[in-house]
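From first to last, the protein sequence lines are chains D and E.
The opening position of the first sequence corresponds to residue 16 in our numbering, with each subsequent residue numbered one higher.
The opening position of the second sequence corresponds to residue 3 in our numbering, with each subsequent residue numbered one higher.
Here the structure comes first, spelled out in structure tokens, and everything after it is commentary.
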Amino acid sequence: MAMLEIKDLRAEIEGTEILKGLNLSMDPGEVHAIMGPNGSGKSTLAHVLTGRDGYEVTGGDALFQGQSILEMEPEERAAVGLFLAFQYPVEIPGVTMTTFLKEAVNSIRKARGEDELDAMKFTKQLRERCKLLNIPEDMMRRSVNTGFSGGEKKRAEVLQMAALEPKLAVLDETDSGLDIDALKTVADGVNRLRSPERSMLVITHYQRLLNYIVPDHVHVMVKGQIVKSGGKDLAHELEAEGYAQFGEEKAA
Amino acid sequence: MSESALQPFHEQYTALTNAGSLPGSALPWLSNLRERGMTRFDELGFPTPRVEKWKYTNLRALERQVFHPATTMTASLGLDRVPTLIGEQAGHRAVFVNGRFRAEMSSLGRLPKGAKVMSFAQALEAEPNLLAEEIDQIAEGQDEQPFYHLNCAFMQDGLVLHVEEGAKIEEPIEVVYLAAADDESLAYHPRHLIVAGKNSEATLVEHHVGIGEANTLANHVTEIRVEPGAKLHHYKLNAETDAAFHVSTLHARVQENAFYDSFTLTTGGQLSRNEPHVKLEGSFADARLNGAYLQRGKQHCDNTTLIEHAVPDTHCREIFKGALEGKGRAVFAGKLHVYPDAQRTDGNQLSRCLLLSNQAEIDTKPELEIYADDVVCSHGCTAGELEKDPLFYLRSRGIPFPVARRMMVESFLAEVVQEITTEDLRQAFLDRVTDWLSRSEQ
Ligand SMILES: Nc1ncnc2c1ncn2[C@@H]1O[C@H](COP(=O)(O)OP(=O)(O)OP(=O)(O)O)[C@@H](O)[C@H]1O
Ligand SMILES: [Mg+2]
Chain D
16 MAMLEIKDLR AEIEGTEILK GLNLSMDPGE VHAIMGPNGS GKSTLAHVLT GRDGYEVTGG
76 DALFQGQSIL EMEPEERAAV GLFLAFQYPV EIPGVTMTTF LKEAVNSIRK ARGEDELDAM
136 KFTKQLRERC KLLNIPEDMM RRSVNTGFSG GEKKRAEVLQ MAALEPKLAV LDETDSGLDI
196 DALKTVADGV NRLRSPERSM LVITHYQRLL NYIVPDHVHV MVKGQIVKSG GKDLAHELEA
256 EGYAQFGEEK AA
Chain E
3 MSESALQPFH EQYTALTNAG SLPGSALPWL SNLRERGMTR FDELGFPTPR VEKWKYTNLR
63 ALERQVFHPA TTMTASLGLD RVPTLIGEQA GHRAVFVNGR FRAEMSSLGR LPKGAKVMSF
123 AQALEAEPNL LAEEIDQIAE GQDEQPFYHL NCAFMQDGLV LHVEEGAKIE EPIEVVYLAA
183 ADDESLAYHP RHLIVAGKNS EATLVEHHVG IGEANTLANH VTEIRVEPGA KLHHYKLNAE
243 TDAAFHVSTL HARVQENAFY DSFTLTTGGQ LSRNEPHVKL EGSFADARLN GAYLQRGKQH
303 CDNTTLIEHA VPDTHCREIF KGALEGKGRA VFAGKLHVYP DAQRTDGNQL SRCLLLSNQA
363 EIDTKPELEI YADDVVCSHG CTAGELEKDP LFYLRSRGIP FPVARRMMVE SFLAEVVQEI
423 TTEDLRQAFL DRVTDWLSRS EQ
């Protein structure tokens with residue numbers, strides 16, 4: 016069974032149609048990349064999949080392991096194994112990273128009928144994951160994303176993914192704002208999570224990330240549709256030629 | 003104002019004075035004060051919404067009640083233990099039931115030399131001069147406060163805390179005010195006096211709780227003087243029942259280099275009105291007038307504050323934050339008055355409210371009267387729903403909506419609770435916030 020199957024999905028924001036009949040299918044263990052010009056609807060797709068307010072789905076469906084998720088609450092989608100690394104992570108002053116992650120990990124465990132992690136186990140796991148992603152531990156005592164640098168926010172998103180162990184992770188421009196070393200660290204972190212049971216949808220503008228996280232398939236999204244799909248070489252092609260071939264004007 | 007609402011108070015007053023059973027009834031100053039109180043209350047009556055300071059708090063529900071005067075209760079309260087914020091082992095605890103001091107329930111421990119905690123009735127015997135000199139003398143601008151006068155007419159007991167010059171009380175003093183009424187509606191009018199002598203330091207925690215089904219009216223008046231160089235931390239939790247009316251009028255004078263640090267959390271009550279009037283009357287006097295409120299159902303909480311900067315170089319910071327659920331209502335009216343020669347006044351005021359339902363309502367009225375020109379004064383107020391983006395962010399990580407909401411409200415309120423300087427107390431107040439949120443309606 017496919018991990019994710021998107022069928023002719025249409026969605027609008029405030030009456031403007033952004034996703035215009037989008038099709039995509041991902042099998043377990045696969046990494047897919049989506050590339051496409053600014054404003055083509057990549058983040059919209061990520062938000063519609065995770066259940067953010069303000070989008071109206073007007074047609075089609077999205078099936079996660081065969082089950083339609085479009086009617087589910089965001090927290091239910093997380094519980095079945097969906098994760099979004101945000102393009103713009105949100106600051107939440109007054110809630111520490113530790114409190115937040117502990118609540119998140121245990122909420123998901125509870126929803127799956129598993130025992131909650133005790134404080135010691137949780138702290139141990141968190142410490143290990145911080146180390147892997149080169150995140151100083153005292154960042155966990157700070158408020159969620161508050162005052163984090165752009166790169167720190169992105170690393171923190173991957174840390175959350177590592178802590179929540181989703182089945183399907185959507186990474187929305189997790190590479191933007193990272194310096195070269197951080198990009199490697201983040202890519203290593205992501206690669207370590209690759210497994211036959213886990214799929215990843217990587218949204219990016221840069222072929223460079225895909226040198227580190229090598230995708231099985233690359234899709235080009237233009238104006239709310241997937242207009243071309245291919246192997247990892249498609250990314251090189253796009254890097255060289257841009258999106259003009261798909262009827263997009265080059266930026267002046 | 004309806005005459006009939008005043009009638010029972012009048013009859014009760016006559017009965018009490020005729021019986022000569024009021025404490026201190028032989029003291030002329032006290033009898034005069036009571037008499038004047040009754041007369042003035044008669045003239046003013048309960049305030050209607052036409053009275054500017056009561057515009058947003060309607061007292062009809064209170065006026066409809068016939069309150070009986072609370073008498074000394076001897077019957078068991080059906081309480082295993084007295085609720086506490088500081089822990090049963092710790093410190094000093096004075097317990098009042100329906101406004102009367104209960105020595106047998108209190109545990110005042112060993113107070114340091116120079117610190118006195120007494121009941122008002124005890125002080126009338128032991129220190130009549132202290133009361134004669136201070137009661138009704140610290141208060142200012144009380145002429146238009148009907149509840150103040152009602153309190154004067156009926157005052158019988160309350161807390162007297164006197165910290166002498168230089169004395170430092172390390173452990174907090176907790177005063178538990180228990181409102182207990184089961185069969186009939188009860189009213190009582192406790193009168194408190196707190197004098198923090200020169201360079202002294204103390205922490206006072208007021209803990210208002212209630213048991214029983216019947217309505218209560220607790221009409222507190224507190225007079226406070228913080229003398230030069232003294233520090234007084236004054237924290238209050240109002241967690242009375244949904245049947246309780248709570249009116250608290252406070253007059254505080256803060257003298258040179260003194261610090262008055264207050265925080266008021268209101269979670270309980272059917273209708274609560276906190277009306278502190280803080281006068282900074284010595285240079286470099288400093289005050290915190292902070293608070294938080296959590297109201298739901300049909301609860302109503304009104305914080306109407308007045309801060310006067312009477313001399314140059316005084317400082318005050320005021321932050322009130324709250325969250326309202328259901329048909330919860332709140333009022334914040336904060337007046338800041340800077341006298342003509344009070345140069346270099348530093349006064350900040352902030353009111354922020356979260357509306358967790360679309361039937362919840364807050365009325366905010368900041369009022370700045372500034373007659374000096376070299377001042378730094380600011381005020382800000384916001385009211386609105388929970389922000390959507392953080393809420394979605396939390397939920398997208400699997401945190402269920404009610405928990406995500408609780409986390410956000412908690413962090414919103416924690417910002418002002420953090421202002422409590424004693425760590426254990428800060429935690430105790432935060433726990434109360436968490437408790438309230440975990441009992442959420444939605
Ligand atoms: N609240 C909104 N109201 C109206 N239009 C919106 C709103 N949010 C997004 N859009 C529009 O939807 C379109 C798709 O936006 P989206 O963020 O999905 O693009 P994207 O492909 O992720 O772009 P980028 O590469 O710049 O991140 C854009 O034209 C954007 O302006
Ligand atoms: Mg985007």
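For each residue, glycine too, the CB sits at the ideal point set by N, CA and C.
In this text the structure is predicted, and so the values were computed from the model without any measurement.
The beta carbon of D/A77 sits closer than 8 Å to those of L19, E20, I21, K22, L24, V63, L64, S83, I84 and L85, all from its chain and outside the five residues before and after it, given in chain order.
Scanning E/A141, E/K200, E/V99 and E/L8 for the CA closest to the CA of E/F69 turns up E/L8.
Interface with chain D (9 Å Cβ-Cβ cutoff): E/G168 is excluded. Ranked by how close their Cα comes to the Cα of D/R207, the residues D/T113, D/K35, D/V46 and D/M236 have D/V46 in first place. About 6 Å separates the Cβ atoms of D/M155 and D/L141, confirming a contact at the 8 Å cut-off.
By the neighbour-count definition (other C-beta atoms within 10 Å, threshold 16), D/V120 is a buried residue. A straight-line Cα-Cα distance of about 50 Å links E/S250 and D/R127. Where E/P404 is concerned, the enclosing alpha helix (DSSP H) starts and stops at F403 to V419. By the criterion of at least three beta-carbon pairs nearer than 8 Å, the segment 151 to 163 of chain E is in contact with the segment 39 to 46 of chain E. Sorting D/G239, D/I49 and D/R157 by C-alpha distance to the C-alpha of D/Y221 places D/I49 at the top.
Contact between the segment 360 to 372 of chain E and the segment 329 to 341 of chain E is present: three or more C-beta pairs spanning the two stretches fall below 8 Å.
In the three-state scheme derived from DSSP, where H, G and I count as helix and E and B as strand, E/T16 is classed as helix.
Against chain E, the CB of D/T138 has no partner CB under 9 Å away; the residue lies outside that interface.
With a cut-off of 8 Å, the C-beta of D/Q102 is classified as near ligand 2, since at least one heavy atom of the ligand falls inside that distance. Residue environment: D/P151 is assigned as exposed (fewer than 16 neighbouring CB atoms within 10 Å of its CB, all protein chains considered). A check of alpha carbon separations from E/S274 across E/E258, E/T243 and E/A260 identifies E/T243 as the nearest. Considering only E/L46, E/A189, E/P51 and E/T19, the residue with the shortest C-alpha distance to E/P148 is E/L46. DSSP, reduced to helix, strand and coil, places E/Q351 within a strand of the structure shown. Look at the segment 40 to 62 of chain D: it has no residue with a C-beta under 8 Å from a C-beta of chain E.
Per DSSP, reduced to three states, the secondary structure at D/G166 is helical.
The residues E90, in chain order, have a CB closer than 8 Å to that of E/R83 in the same chain once the five nearest residues on each side in sequence are set aside. According to the DSSP assignment, E/Q297 belongs to the beta strand (DSSP E) that extends over D288 to Q297. For D/I218, the CB falls within less than 8 Å of some heavy atom of ligand 2. By the neighbour-count definition (other C-beta atoms within 10 Å, threshold 16), E/T266 is a buried residue. Scanning its chain for C-beta atoms nearer than 6 Å, with the 5 sequence neighbours on each side dropped, one finds no residue around D/K146. Exposed is the label assigned to D/Y103, since fewer than 16 other Cβ atoms lie within 10 Å of its Cβ.
For D/K139, the uninterrupted alpha helix (DSSP H) run begins and ends at A134 to L147, by DSSP.
Within the same chain, L35 come within 6 Å of E/D138 by CB-CB distance, once the 5 residues on both sides are set aside. Comparing alpha carbon positions, the residue from E/D185, E/H279 and E/L252 closest to E/V223 is E/L252.
Put simply, the backbone Cα of D/D196 is about 19 Å away from that of D/V217. Excluding sequence positions up to five before and after E/Y15, its CB lies within less than 6 Å of the CB of M40 and A155, all in the same chain and listed in chain order. The criterion of a C-beta distance shorter than 9 Å is not satisfied by D/T111 and D/V173. Nearest C-alpha to E/S413 among E/E136, E/L356, E/A182 and E/V53: E/L356. Contacts with chain D at 9 Å (Cβ-Cβ) do not include E/R227. Separation of E/R255 and E/L152 (C-alpha to C-alpha, rounded to the nearest whole angstrom) is 22 Å. Here the segment 33 to 45 of chain D makes no contact with the segment 93 to 100 of chain D; the two share fewer than three CB pairs at distances below 8 Å.
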